[in-house]
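Right, one structure below, let's go through it.
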Amino acid sequence: QVQLVESGGGLVQAGGSLRLSCAASGIVFRIHGMDWYRQAPGKQRELVARITSSGTTNNADSVKGRFTISRDNAKNTVYLQMNSLKPEDTAVYYCNSALRRFDWGQGTQVTVSS
Numbered sequence: 029q030v031q032l033v034e035s036g037g038g039l040v041q042a043g044g045s046l047r048l049s050c051a052a053s054g055i056v057f058r059i060h061g062m063d064w065y066r067q068a069p070g071k072q073r074e075l076v077a078r079i080t081s082s083g084t085t086n087n088a089d090s091v092k093g094r095f096t097i098s099r100d101n102a103k104n105t106v107y108l109q110m111n112s113l114k115p116e117d118t119a120v121y122y123c124n125s126a127l128r129r130f131d132w133g134q135g136t137q138v139t140v141s142s
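The sequence shown begins at 29 in the working numbering and counts up by one.
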């Protein structure tokens, strides 16, 4: 049974930082590229960042230079370091495999106040 458990969200002022974590179980983590998505109220879920199984990363234009995705295969965990946060980054953040889509976890809420 695959589980994706996101954590690390919270309330932060604009310009602040947060580090999100996503712990995966039930998969051979090291072979999966991993994605971070976010969904703001009334909007579609959007891809924020991706890291391949070999560690190559790619970010959406809206977060380039501010967000960094990384992974620790020993801990079956993918991270999203978010710096210089803006109110428009407010959303529920989710992770999932880039190799195949599993059931979504509960996500973690990020709220950025102006």
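Glycine included, every Cβ here is placed at the ideal spot set by N, Cα and C. For clarity, every value in this text was computed on a predicted model and none was experimentally measured.
Secondary structure within the segment 58–116: the beta strand (DSSP E) runs of 3 or more consecutive residues, fully enclosed, are 62–67, 74–79, 85–87, 95–100, 105–110 (chain order). Listed as beta-bridge partners of alanine 52 by DSSP are Leu32. The segment 95–104 and the segment 118–138 do not touch, with fewer than three beta-carbon pairs separated by less than 8 Å.
By the CB criterion at 8 Å, glycine 44 and leucine 113 fall inside the cutoff.
Using a Cβ distance threshold of 8 Å, glycine 36 and leucine 46 count as a contacting pair. For a cut-off of 8 Å, the C-beta gap from threonine 105 to valine 120 is around 19 Å, too long to register as a contact.
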